[in-house]
Amino acid sequence: MDKYIVTMLGEKDHGKSTLIGNLLIATGSTTDERVKEAKVKGKRWEPAYILDSFSEEREQEMTIDTTRAELVYKGKMFELIDVPGHLELIKNMMSGASNGDFAVLMVSVKKGEGFKPQTKRHLFISQMFGIKALAVAINKMDIVDYDESVFEKTKKEIGDYLKSINFNKPVFFVPVSAYNNENLVSNSKNMKWYKGLPLFSLLMDFSKKYYRSKKSDDGVRALVQDVVETDGSNAMFCVLYNGTIKIGDSVRSEPDESRARVKKLHLKGKAVRSASAHSNIALVLDKELDVQRGSLIYGGSTRPYRKGSFEARIFVIKALKAGDAKSLFIRTNNNDIPLKSMKVVSTLSPVTGRTAKGSSIAVNESAVASIKLTVDYPMERYEQHNELGRFALYKGEEFVGVGIVE
Amino acid sequence: MMRQDINKLEEKSIFIIREANAKFKNLAALWSMGKDSTTMLALARKAFLGKVPFPVIHIDNGIDFPESYKFRDELAKKWNMKLIVAHSKIKEELSGFSCCGANKTDALKEVMDEHGFDGLIVSIRRDEHGIRAKERVFSPRNKEFKWDYKNQPAEVWNNYTSKLEKTDHIRVHPLLDWNEVDIWNYIKKAKVPMNPLYFSKEGYRYRSLGCTHCTVPLKSNAKNIDEIIRELEGTKIEERSGRQQDKEKAYVMEKLRALGYM
Numbered sequence: 011m012d013k014y015i016v017t018m019l020g021e022k023d024h025g026k027s028t029l030i031g032n033l034l035i036a037t038g039s040t041t042d043e044r045v046k047e048a049k050v051k052g053k054r055w056e057p058a059y060i061l062d063s064f065s066e067e068r069e070q071e072m073t074i075d076t077t078r079a080e081l082v083y084k085g086k087m088f089e090l091i092d093v094p095g096h097l098e099l100i101k102n103m104m105s106g107a108s109n110g111d112f113a114v115l116m117v118s119v120k121k122g123e124g125f126k127p128q129t130k131r132h133l134f135i136s137q138m139f140g141i142k143a144l145a146v147a148i149n150k151m152d153i154v155d156y157d158e159s160v161f162e163k164t165k166k167e168i169g170d171y172l173k174s175i176n177f178n179k180p181v182f183f184v185p186v187s188a189y190n191n192e193n194l195v196s197n198s199k200n201m202k203w204y205k206g207l208p209l210f211s212l213l214m215d216f217s218k219k220y221y222r223s224k225k226s227d228d229g230v231r232a233l234v235q236d237v238v239e240t241d242g243s244n245a246m247f248c249v250l251y252n253g254t255i256k257i258g259d260s261v262r263s264e265p266d267e268s269r270a271r272v273k274k275l276h277l278k279g280k281a282v283r284s285a286s287a288h289s290n291i292a293l294v295l296d297k298e299l300d301v302q303r304g305s306l307i308y309g310g311s312t313r314p315y316r317k318g319s320f321e322a323r324i325f326v327i328k329a330l331k332a333g334d335a336k337s338l339f340i341r342t343n344n345n346d347i348p349l350k351s352m353k354v355v356s357t358l359s360p361v362t363g364r365t366a367k368g369s370s371i372a373v374n375e376s377a378v379a380s381i382k383l384t385v386d387y388p389m390e391r392y393e394q395h396n397e398l399g400r401f402a403l404y405k406g407e408e409f410v411g412v413g414i415v416e
Numbered sequence: 004m005m006r007q008d009i010n011k012l013e014e015k016s017i018f019i020i021r022e023a024n025a026k027f028k029n030l031a032a033l034w035s036m037g038k039d040s041t042t043m044l045a046l047a048r049k050a051f052l053g054k055v056p057f058p059v060i061h062i063d064n065g066i067d068f069p070e071s072y073k074f075r076d077e078l079a080k081k082w083n084m085k086l087i088v089a090h091s092k093i094k095e096e097l098s099g100f101s102c103c104g105a106n107k108t109d110a111l112k113e114v115m116d117e118h119g120f121d122g123l124i125v126s127i128r129r130d131e132h133g134i135r136a137k138e139r140v141f142s143p144r145n146k147e148f149k150w151d152y153k154n155q156p157a158e159v160w161n162n163y164t165s166k167l168e169k170t171d172h173i174r175v176h177p178l179l180d181w182n183e184v185d186i187w188n189y190i191k192k193a194k195v196p197m198n199p200l201y202f203s204k205e206g207y208r209y210r211s212l213g214c215t216h217c218t219v220p221l222k223s224n225a226k227n228i229d230e231i232i233r234e235l236e237g238t239k240i241e242e243r244s245g246r247q248q249d250k251e252k253a254y255v256m257e258k259l260r261a262l263g264y265m
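In order, the protein sequence lines correspond to chains A and B. Counted the way this note's numbering counts, the first sequence spans residues 11 to 416. Counted the way this note's numbering counts, the second sequence spans residues 4 to 265.
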């Protein structure tokens, strides 16, 4: 059965872990033993402890690293990804958020909390990562006496921001009290003015309306993971990201563009006549090509979009100057490729929504950059072939950001 | 417990195992003869055209079940695997924290050192324990085998960390996404040979296998895979409830993992 991945976004202390904890309990998705284990002596019961299982997390009442919890209800399966809200933990947030289908954004209306810069960064990143729909949970409504005008005011503020960053996914707003379990799985008596669905029903709805696996087209794209000699010929272990590949097909390889035919094909240890997208295959061709890990085998009517240079939308968690390019590399499908150069076309602040010209990128800012690699590594547009058009950015051992090919 | 799409899980695990084999110079896998690590070996055979290309390590403290030793020797032969048995030194207190901690971890350190392994496949799953839900697919360990869980490397999409300056080796976790019921579903589908201790005998079976000193069987009449799957789909009891180490103290699992335990 399909499992829908939902990322929880939002600033620290706005109630992400509490919300997940209570959703798990309300839908019967956790065990009594885990709930019992999560109780901390001498402290007020906090559903967040089910998720925050590091001792430091419970003691400091904060999420340090991303965690996942499975929720099964009414015949559907969701994986809720809890991510840390703290600014300095944004790399952990990205690790958790990179595979999400949908997102829930938590914004607390408690005085002093509200719609914060970190929340805006989370939204911006999740849009880059390609979530399909967003539910905004306006939390801690109990503290403001379930006042509809507070909900409406926050909703407008967030809505205006989403417009400013051209957020183009379906968005729904729901007032909740995560701690008191209100509007999570059933409508709250204290907020009769809210006529929409409770949060969990929204997610059920998302899974029906907005979840579609992308259809693969006829362009074969198989990325070589390893080349291994077996029975006297070279077998290429590849991930087939797109298309269908068959015995006898004519394929080419990037970067050297030579051509050969498929002679043998293996799928899960068995010889097969054809294999379709999103499978791990072993491939033997009728002649040896100059192929190694990171080479792209392609066929069909389309050619790879770019090799060695491309324009990308990036988001960085460290400030970068033009001169940094030489110490940077991209990591894509776990292959590290050093940069030759990087030219910043324009920068965009996810907090203010303002774009600017410039040659450097500030910390926690986004930019469009023109990137040249030291080798002719093939890249696709992210929109078209997700897996072949995205990368993490590193400086030495340090993770500094993410990017998608535009 | 609900079943996930077994094909998707299988593809992802094959990808991770192939990735590990391509990235590390000297890869090995831990094998406890339990259902998870045996399933992982079955997946490795699918990934590498019928062969397990890396050595498998059994950390043996001499008190595993006789059925497990027999199962180990038979399957290692049948699948033509390179088996390394690392004997742990028995220390005074043979249960729970000190046993799994010092005994098994020291033996693992020795064998890793001796062979110079830089990658180690460990078949843990997220649904086993709250702490395991926080693991990365590729997870670095330092010289003391410590897991620096407060500062894990970024793991965006499938971009794993396979080398850091201060790491001794990387733990690779190809089964993180699987649930207990998925494992059984796969054992059935792929006809994975299984340790007989999992099947009910005289009203009891083992649901999770450690060694004889800290594993207790549970009441169950599930005599075959279908009956186990049915039992799991209706249960609300934690899988590792028969394992002592998890219960002794709060956070003991975290301590064990920080100390290098699997």
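C-beta atoms are modelled at their ideal positions from N, C-alpha and C, and glycine is treated no differently.
Check                                                                                                                                 : Outcome
Residues of the stretch 226-237 of chain A with Cβ closer than 7 angstroms to any Cβ of chain B, in chain order                       : Gln-235, Asp-236
Per-residue burial, Tyr-171/A [other beta carbons within 10 Å of its own, 16 or more giving buried]                                   : buried
Minimum Cβ-Cβ distance from Met-5/B to chain A less than 8 angstroms                                                                  : yes
CB contact below 8 angstroms: Asp-121/B versus chain A                                                                                : no
Contact belief for Glu-34/A with Ala-79/A at Cβ below 8 angstroms, rounded distance in angstroms                                      : The amino acid at residue 34/A is misidentified as Glu; the sequence shows Leu. Between Ala-79/A and Leu-34/A the Cβ distance is about 6 angstroms, and since that is below 8 angstroms, they are a contact.
Inter-residue spacing [alpha-carbon to alpha-carbon] between Ser-102/A and Ala-332/A                                                  : Here residue 102/A is Asn; the residue named in the question, Ser, does not match the sequence. Cα-Cα distance, rounded: 26 angstroms.
Residue-chain proximity (Ser-211/B, chain A), Cβ-Cβ < 8 angstroms                                                                     : no
Every unbroken beta strand (DSSP E) inside the stretch 224-262 of chain A [3 residues or more]                                        : 230-240, 243-252, 254-256
Ser-380/A in three-state terms, based on DSSP                                                                                         : strand
Rounded C-alpha distance that separates Tyr-156/A from Ile-168/A                                                                      : 19 angstroms
Min CB distance Met-72/A to chain B below 8 angstroms                                                                                 : no
Pairwise C-alpha distance: Glu-147/B and Thr-61/B                                                                                     : First, the residue type needs correcting, since residue 61/B is His and not Thr in the sequence shown. Taking the straight line joining both Cα atoms gives about 20 angstroms.
As assigned by DSSP and simplified to three states, the class of Thr-312/A                                                            : coil
Chain B contact residues for Gly-298/A, given Cβ-Cβ distances below 9 angstroms                                                       : The amino acid occupying residue 298/A in the given sequence is Glu; Gly does not appear at that position. Per Cβ cutoff of 9 angstroms: no residues; Glu-298/A is ~18 angstroms from chain B at best.
Simplified DSSP state of Ala-277/B, which is helix, strand or coil                                                                    : Limits of chain B in this structure are 4 at one end and 265 at the other, which puts residue 277/B out of reach.
Unbroken beta strand (DSSP E) run spanning Ala-292/A, endpoints                                                                       : 289-295
Contact check, Leu-207/A vs Asp-215/A, beta carbons under 8 angstroms                                                                 : yes
Status (buried if at least 16 other CB within 10 Å, exposed otherwise) for Asn-10/B                                                   : exposed
Same chain, Cβ closer than 7 angstroms to Leu-12/B, five either side skipped, listed in chain order                                   : Asp-180, Trp-181, Asp-185
Extent of the continuous beta strand (DSSP E) run through Tyr-14/A                                                                    : 13-20
Positions along the stretch 256-281 of chain A whose CB lies within less than 7 angstroms of some CB in chain E                       : This model lacks chain E altogether; the protein chains it does include are A and B.
Assigned exposure category for Glu-264/A - 16 Cβ within 10 Å defines buried                                                           : buried
Contact belief for Ser-305/A with Val-234/A at Cβ below 8 angstroms, rounded distance in angstroms                                    : 4 angstroms
Neighbour flag for Gly-245/B against chain A, beta carbons, 8 angstroms                                                               : no
Endpoints, the beta strand (DSSP E) within which Thr-342/A is located                                                                 : 338-342
Contact set for Ile-30/A: own chain, Cβ-Cβ below 7 angstroms, skip 5 residues either direction                                        : Met-18, Leu-61, Ala-79, Leu-90, Asp-92
Contact list for Arg-422/A against chain B, beta-carbon separation under 7 angstroms                                                  : Nothing can be reported for residue 422/A, as the shown portion of chain A is limited to 11 through 416.
Contact list for Ala-79/B against chain A, beta-carbon separation under 7 angstroms                                                   : Going along chain A, no residue has its Cβ under 7 angstroms from Ala-79/B, so there is no contact; the nearest lies around 19 angstroms.
Closest by C-alpha distance to Asn-252/A, when choosing among Ala-245/A, Val-237/A, Ser-268/A, Val-230/A                              : Val-230/A
Separation of Lys-297/A from Ser-268/A, as counted between CA atoms                                                                   : 10 angstroms
Where Arg-139/B sits in the DSSP three-state scheme                                                                                   : coil
Contacts of Arg-21/B in chain A (Cβ-Cβ under 8 angstroms)                                                                             : Gln-235, Asp-236, Phe-247, Asn-290
Boundaries (first-last residue) of the alpha helix (DSSP H) holding Asp-229/B                                                         : 228-236
Other residues of its chain near Ile-228/B: CB distance less than 7 angstroms, five sequence neighbours each side excluded            : Trp-187, Ile-190, Lys-191
Rounded Cβ spacing between Ser-376/A and Ile-324/A (contact assumed at less than 8 angstroms)                                         : 7 angstroms
Inter-stretch contact (C-beta, 8 angstroms, three-pair minimum) for the stretch 194-202 of chain B and the stretch 131-145 of chain B : no
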